[in-house]
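**Q** Submitted below is the structure of interest, expressed as structure tokens.
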Amino acid sequence: MIIFSANEKREPDFTLAENTFVTGLFVDPNDHWGVNRAVADLKKDLQAVTGQEPPITTAVEASFSKETVLIGTIGKSPLIDGLIAEGRLNVSAIQGKWESFTIQVLKHPLPGVDNGLFIIGSDQRGTIYGIYELCRRIGVSPWSWWADVPVKKSRALYVRAGTYTQGEPSVKYRGLFLNDEAPSLTTWVQQKFGGFNHHFYEKVFQLLLRLKA
């Protein structure tokens, strides 16, 4: 998946942002809760990069922007499943696989949508990894909070037309292991979060998912 901000846009390419325009986001509200949660992070990240706040749409009958990011898990999004059944989207590389995703640009996928950028996962984590992959590609590091990595600002972002697929991980279960838990981490957590509570672990688990752990 190639994301660029220079004046290299070709007609089939997808516009994420351009001047005052920013793409809309679609996700089915009945998709996995974690997927909907990650879409909210994508919204925040796009706003952090472009300065524009993208709208989130959850109803198929709603008005979409001319260029829309459509996100869903196979078997959990009727809109995505319908386009797969019609042969408009090819998910053969990820269907039935573990934690896999595909990102595809498709012209005229729906009435009123000139260009669609699809993020499709084989399962919940596959979709979440696809969402956070886009976040990373537009300039938001997985370490933006934990290590204060600056967000790369851009007023124009495009995705090269085509298909990008990530298959099953070679290591099925991955993790992140924190060193120096006491006194450094323990003291810091007490000061910043009031203890090892859900506010702290929200940051931990988001980092894990952004790193595809």
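Residues 625 to 837, numbered by my numbering, are exactly what the sequence shown covers, in order.
The C-beta atom is built at its ideal place from N, Cα and C for all residues, glycine as well.
Note that this is a predicted model, so its numbers are computed, not measured.
Do residue 659 and residue 680 have their beta-carbon atoms positioned less than 9 Å apart in this structure?
**A** Cβ atoms of residue 680 and residue 659: not closer than 9 Å.
**Q** Report the three-state DSSP secondary structure of residue 728 (helix, strand or coil).
**A** Looking at residue 728 - three-state DSSP - the assignment turns out to be strand.
**Q** Out of 665, 689, 654 and 712, point me to the one whose CA is closest to residue 641's CA.
**A** Selected option, being the one with the closest Cα: 689.
**Q** Could you check if residue 844 is buried or exposed, using at least 16 other CB atoms within 10 Å of its CB as the buried criterion?
**A** The chain is shown from 625 up to 837; residue 844 falls before or after that span and cannot be answered.
**Q** Using beta-carbon positions only, say whether residue 727 and residue 789 come within less than 9 Å of one another.
**A** Yes; because the gap between Cβ atoms is below 9 Å, this pair is in contact.
**Q** What residues in its chain sit with their C-beta under 6 Å from that of residue 776, if we drop five residues either side in the sequence?
**A** Around residue 776: 763.
**Q** Which same chain residues, not among the five before or five after residue 699, have their C-beta less than 8 Å away from its C-beta?
**A** The answer, listed in chain order, is 705.
**Q** At 4 residues or longer, what runs of the alpha helix (DSSP H) sit wholly inside the region 674 to 740?
**A** Correct list: 702 to 709.
**Q** Rounded to a whole number of angstroms, what is the C-alpha to C-alpha distance between residue 784 and residue 830?
**A** Cα to Cα, the separation comes out at about 27 Å.
**Q** Can you give me the C-alpha to C-alpha distance between residue 765 and residue 712, rounded to a whole angstrom?
**A** Going from the Cα of residue 765 to the Cα of residue 712 covers about 32 Å.
**Q** Using the beta-carbon count (16 or more within 10 Å), is residue 720 buried or exposed?
**A** Counting Cβ neighbours within 10 Å, residue 720 comes out exposed, since fewer than 16 surround it.
**Q** CA-CA distance, residue 634 and residue 656?
**A** About 34 Å.
**Q** Can you tell me the Cα-Cα spacing of residue 779 and residue 639, whole angstroms?
**A** Looking at the two C-alpha atoms, the distance is approximately 11 Å.
**Q** I need the DSSP call for residue 756, collapsed to helix, strand or coil.
**A** In the structure shown, residue 756 sits in a helix (DSSP, three-state: H, G or I).
**Q** Kindly indicate which residue of 782, 833 and 811 has the alpha-carbon position closest to the one of residue 645.
**A** If we check each option's Cα against that of residue 645, 782 comes out closest.
**Q** If we ignore side chains and look at the alpha-carbon of each, how far apart do residue 736 and residue 714 end up?
**A** Taking the straight line from one Cα to the other gives about 22 Å.
**Q** Which one or two residues does DSSP pair with residue 787 in a beta bridge?
**A** BP columns for residue 787 point to 728.
**Q** State yes or no: is the C-beta of residue 837 within less than 9 Å of the C-beta of residue 800?
**A** In contact: residue 837 and residue 800 (Cβ atoms closer than 9 Å).
**Q** Look at residue 665 and residue 756 and say whether their C-beta atoms are less than 9 Å apart.
**A** Contact flag set, yes.
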